[in-house]
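Yeah, the sequence shown ends on 544 if you go by the working numbering, and it's all consecutive. We put the CB at the ideal spot given by N, CA and C, even for glycine.
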Amino acid sequence: MNFRILLILCLSIPMSAQTVADNAKPASPANPPAATAGAAAASAPTLTANEPLQTAQALMDKGQLKEAVAAFKVLVEKDPASAEAQVGFIRGLMRSRQFDEAQSAAKAATVAVPNSALVHATAGDVAFRMGDFGSAEAEYRAALKLDSNSARGLFGMARMYQMVSMNKRAKDTLAKAHQIAPEDAHITEEWLETLPYSERLEQVKKMAGDHPADEDAERLKYLEAVSKKKPWVLAGGFKPTEIKIVPYGKEITGVNDINRDGPVSISKGYGLSVKFNDRASATLLLDTGATGVTIGRKLAEKAGAVKIANAKMGGIGDKGPVDTYLAWIDKINIGGLEFHDCIVDVSSKNNVADEAGLIGPDVFDKYLITLDFREQKMQLAKLPVNPNAASPDDEWQDRFIAPEMQSFTKFYNFSDHIVVPVVVNDKALGNFIVDTGADLNSLSLKFAAQVTKASADDDYRMSGVSGKVDQVLTGKKAVLQFAKMRIESHDLPVFAIDHISSSEGTEISGFIGIRSLVQMKMTLDYRDGLINLQVYDFKKARE
């Protein structure tokens, strides 16, 4: 399992990414806390001995974004050929969430300073943030064509490789970027993730110094814990397994199946029965939109979870990141599988978004996972051997598509979130998270404006890990095309919620919920970033 615990006091790093190669890595909880000393200064562009530039950057470092953007804008207007001013202006707009303006500024900057690798790399960061992966890749490659040692260009390509499951290539590229620019905090944070826990611990100790900040102290606690024992060890080794999944929550009616043969009743979701330390049991919502195991405080106390470090978790909702903590649980049983030394995320509240807890299928990421909703079972099979891997346990394998999996569709992997390109209403293409933990499909407000007429609807409520969503609109129709599927929902509302981004900071246009996903059998290969969907024949099933 990939232990990148989401928002555990980590830096917010604008990611970058897409097509890299047709055989290349196309997104809870998962990112350990980040050492923050000097991060703001280290991530800033290198400035010349120019007092106005230094003043503008100082405003940015202090978080005075409105003033910083205004100062950089003056500099850009005065000297459009200044790469440093252009980069500062773009980054200021991004940090103040003026994304459309940042896109325009990035386009103008590449015209005004066409020979600056840093400008092209920064334009790549903007394109990635907006989910325009093709443009992001083009800009990173342009940066590297101008300067093969462009640290930010290499950094962008490394994250691109991560996204499309080219993990070894990503690791090697990050190592080169860090060697060139060890002072760049963003590069350093991603590079640290490629190191063994013991090496990462030593590096973070050096970065934090003798008097670590609170955030760094929590990260050190986490790294010291996982350096001593390996998390999530499967007892007895691999064996093909079938585990029952159970209907979860109240039944929902009115789902139109793909065969257009009338409404089908489904549950709110599906759950897995999980036993903790032989002391407590609960049914956790099986949530492809989450990663790892997240449980409420009450269940954690009953299970005897041992706290490791404080953390924060973000998700859907208007309350922002919520307080959590990481904890050890000695033994977790799921079906016929037994895991030892498990790390779970514990909410500061008694439950998690009104649930006992969430479990992401990535807990089983060493398996080929099939979710069969009609038969109410999860099947775990052995992944094909990757002939290019150093060993079967090698975490840094590049994507391998076995002959028997050529029909699978590649997905983008963002911290084990499954992200797929989706065309909605034959009008626009967006990046969607496949989310069995959501009952309805949802769209960001910006994307909804492109594909449907949305209006306020007081009859619907939406909530997530970060609380309730105050502003909810509904649309009249959504036709979704993804992974060789076409789903039509003529009489279902489509939630349109405010701006969504993944944990890596790239634009997400929406979520594909269980009402759509229940219509098909889903097979997942997290290692290689592959998904296969097979539509059920509901008509035949009723006969």
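query                                                                                                                : result
Opposing strand residues paired with residue 521 [DSSP bridges]                                                      : 536
Cutoff 7 Å; reference residue 303; Cβ partners in own chain excluding five residues on either side                   : 280 and 281
Three or more C-beta pairs below 8 Å linking the region 286–302 and the region 331–349                               : yes
Check whether residue 93 and residue 66 have beta carbons under 7 Å apart                                            : yes
The region 225–234 in contact with the region 210–217 per 3-pair CB rule at 8 Å                                      : no
Residue 246, DSSP secondary structure in three states                                                                : coil
Cβ-Cβ distance between residue 84 and residue 60 below 7 Å                                                           : no
With 16 other Cβ atoms within 10 Å as the buried cut-off, status of residue 115                                      : exposed
Closest residue to residue 369 among 359, 405 and 360 (Cα-Cα distance)                                               : 405
Local conformation of residue 279 per DSSP, three classes                                                            : coil
Nearest-angstrom Cα separation, counted from residue 398 out to residue 317                                          : Because the pLDDT at residue 317 is just 47, under 50, the model does not fix this residue reliably, and the point stays unresolved.
Cβ pair count under 8 Å reaching 3, the region 408–415 against the region 526–537                                    : yes
Start-to-end residues for the beta strand (DSSP E) that takes in residue 429                                         : 429–435
Segments assigned alpha helix (DSSP H), at least 4 residues, entirely inside the region 303–356                      : none
Contact under 7 Å by Cβ, residue 226 with residue 333                                                                : no
Environment of residue 56 [buried if 16+ CB atoms lie within 10 Å]                                                   : exposed
Cross-strand partners of residue 365 (DSSP beta bridge)                                                              : Looking at the DSSP assignment, residue 365 forms no beta bridge with any residue, so it has no partner.
Anticipated Cβ contact below 8 Å, residue 439 with residue 515, distance rounded                                     : 7 Å
6 Å Cβ shell around residue 155 - same chain, five flanking residues per side excluded                               : 174, 177 and 178
As assigned by DSSP and simplified to three states, the class of residue 215                                         : helix
Residue 382 - partner residues in DSSP beta bridges                                                                  : 369
Endpoints, beta strand (DSSP E) assigned at residue 414                                                              : 413–415
Cβ separation of residue 288 and residue 361, assumed to be a contact under 8 Å, to the nearest whole Å              : 6 Å
Under 7 Å between C-beta atoms of residue 433 and residue 517                                                        : no
Residue 48, DSSP secondary structure in three states                                                                 : With a pLDDT of only 45 at residue 48, under the threshold of 50, the placement of this residue in the model should not be trusted; the figure read from the coordinates follows. Coil, per DSSP.
Residue 486 - partner residues in DSSP beta bridges                                                                  : 483
Backbone secondary structure at residue 101 - three-state DSSP                                                       : helix
Pairwise C-alpha distance: residue 245 and residue 284                                                               : 11 Å
Own chain partners of residue 330 with C-beta closer than 7 Å, once the 5 adjacent residues on each side are dropped : 277, 278, 304, 306, 343 and 345
According to DSSP, residues forming a beta bridge with residue 359                                                   : 286 and 295
Distance between residue 238 and residue 47 (C-alpha atoms, nearest Å)                                               : Any answer about residue 47 is weak, because its pLDDT of 47 lies below 50 and its placement is not dependable; what the coordinates show is given next. So the two alpha carbons sit approximately 50 Å from each other.
Residue 391 - DSSP class collapsed to helix/strand/coil                                                              : coil
As assigned by DSSP and simplified to three states, the class of residue 468                                         : Any reading at residue 468 must be qualified, since the residue scores a pLDDT of 44, below 50, and its modelled position is unreliable; the value itself is stated next. In the structure shown, residue 468 sits in a strand (DSSP, three-state: E or B).
Residue 243 versus 274, 250 and 161, residue with shortest Cα-Cα distance                                            : 274
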